Amino acid sequence: MFPAEPLPDLASLPSDAVLTRRQMSALSGYTVQAFKKWAREGRGPAITPVEGRPRYRVADARAWLGAI
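Using UniProt numbering, the first residue of the sequence shown is number 1, and each one after it goes up by one.
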C-alpha cells in the first residue's frame, strides 16, 4: 500500500502544475485503474508525460472535471 498523497486544492494551483494519477483519482472519485485504462484507449483527461511518467496538467484536470 502506498502512503496517501495530499489532495491538492485545484483553485490554488497554477494551471501548468501537474497531478499524478492517484491525485486525479482522489479528486474525481474514479480509480487509478480507470485512468490507466482510459489512457490506453485514448480517453479521459489529456496526459502530459513528465520524465516518462503520466501526469495531468491542472488546466486539463479542471476542464475534464468540469465536463464530467
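The C-beta atom is built at its ideal place from N, Cα and C for all residues, glycine as well. Because the structure is a prediction, the values reported are computed rather than measured.
Proximity of residue i and residue j at Cβ, strictly below 8 angstroms
{"i": "methionine 24", "j": "proline 45", "result": "yes"}
{"i": "alanine 61", "j": "leucine 7", "result": "no"}
{"i": "aspartate 16", "j": "arginine 57", "result": "yes"}
{"i": "arginine 21", "j": "valine 32", "result": "yes"}
{"i": "serine 12", "j": "leucine 65", "result": "no"}
Buried versus exposed call for residue i [16 or more other C-beta atoms within 10 Å across all chains shown]
{"i": "alanine 63", "result": "exposed"}
Reduced DSSP category for residue i - H, G, I as helix; E, B as strand; rest coil
{"i": "leucine 10", "result": "helix"}
Residue i: first and last residue of the uninterrupted alpha helix (DSSP H) it sits in
{"i": "arginine 22", "result": "21-28"}
{"i": "arginine 55", "result": "No alpha helix (DSSP H) contains arginine 55, which is instead part of the beta strand (DSSP E) from 53-57."}
First and last residue of the uninterrupted beta strand (DSSP E) at residue i
{"i": "threonine 48", "result": "48-50"}
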